[in-house]
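Report on one structure; see the data block that follows.
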Amino acid sequence: MGSCSNLHITLFTTFIYFQLLSLQLTQSVDIIKVLTDNHDFNILTSLLSASGVIQDFNNAQGNVGVTIFAPTDADFAKLSQSGRFQSLGAQQKALVLKFHGIHSYYPQGILKTLVNPFQPTFATEATSAGSYRFSLSNFRGNVVIRTGVGNGSVVLKTIYDQKPVAIYSVSDVLLPRELFL
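With mature numbering (1 follows the signal peptide of the UniProt record, and there is no 0) applied, the sequence shown covers -28 to -1, 1 to 153.
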């Protein structure tokens, strides 16, 4: 009877261990907190929260992950001088924000080697298969994002990189050609 009792305790302990492990693996990253803790992303965090786009990014964590390209407050300030972003409607602003996310986790090592001329974004998923895509390339060791508007944006630094979330600071707000050409 003692060995049967020990077996039950072992099985129960193993069950609890795997339940805790499973819980640990499914914990999501607080994207807003990561951005807020880095101080240069207040406008982005405000826009993500107000538009509800943060929910799309958070929901992706449980699937294949998410990669976010985060423009700084200074980048939004440069864009606001032109008035182009402010003149968009709420749905169009949400598409611009979704354009900054990829529905896959790309750690820095992979991102630097990734060359994709037609990278779909969250905005692609919200619209149609052929729209709201950008190209990723590597130029002199830098990851460059080309949207078809302007000269392209450069990935400046890693803000957060732990599966299932990668967040990179970029040199400009990514402007989809569907809205800005």
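Backbone N, C-alpha and C define an ideal beta-carbon position, used for all residues, glycine too.
Between residue i and residue j, what straight-line distance do the alpha-carbon atoms span, to the nearest angstrom?
| i | j | result |
| --- | --- | --- |
| residue 12 | residue 23 | 19 Å |
| residue 36 | residue 142 | 22 Å |
| residue 62 | residue 135 | 31 Å |
| residue 70 | residue 21 | 12 Å |
| residue 156 | residue 57 | In the structure as shown, the chain begins at -28 and stops at 153. Residue 156 is therefore absent and cannot be evaluated. |
| residue 74 | residue 112 | 23 Å |
| residue 131 | residue 77 | 14 Å |
| residue 150 | residue 144 | 17 Å |
| residue 125 | residue -1 | 28 Å |
| residue 121 | residue 108 | 14 Å |
| residue 7 | residue 129 | 13 Å |
Measure the CB-CB distance between residue i and residue j and report whether it falls below 9 Å.
| i | j | result |
| --- | --- | --- |
| residue 98 | residue 67 | yes |
| residue 156 | residue 147 | Residue 156 falls outside the range modelled here, since the chain spans only -28 to 153, and no answer is possible. |
| residue 32 | residue 83 | no |
| residue 79 | residue 28 | no |
| residue 116 | residue 86 | no |
| residue 140 | residue 39 | yes |
If you run the structure through DSSP and keep just helix, strand and coil, what is residue i?
| i | result |
| --- | --- |
| residue 124 | coil |
| residue 21 | helix |
| residue 129 | strand |
| residue 147 | coil |
| residue 137 | strand |
| residue 108 | strand |
| residue 142 | strand |
| residue 152 | helix |
| residue -8 | The predicted model places residue -8 with a pLDDT of 46, which falls under 50 and marks its position as unreliable; any figure quoted below should be read in that light. Residue state, collapsed to three classes: helix. |
Run the CB neighbour count on residue i, radius 10 Å, all protein chains shown included, and call it buried at 16 or more, exposed below.
| i | result |
| --- | --- |
| residue 47 | buried |
| residue 90 | exposed |
| residue 16 | buried |
| residue 95 | buried |
| residue 153 | exposed |
So, does the CB of residue i fall closer than 9 Å to a CB anywhere in chain B?
| i | result |
| --- | --- |
| residue 75 | Annotation note: the requested chain B is absent from the structure, which comprises a single protein chain. |
Residue i: beta carbon under 8 Å from a heavy atom of the ligand SAH?
| i | result |
| --- | --- |
| residue 88 | Here there are no bound small molecules, and the ligand SAH is not part of this structure. |
- Message: As an exercise, report each continuous alpha helix (DSSP H) stretch of at least 4 residues that is fully enclosed by the stretch 30 to 90, in chain order.
- Response: 45 to 54, 62 to 70, 80 to 83
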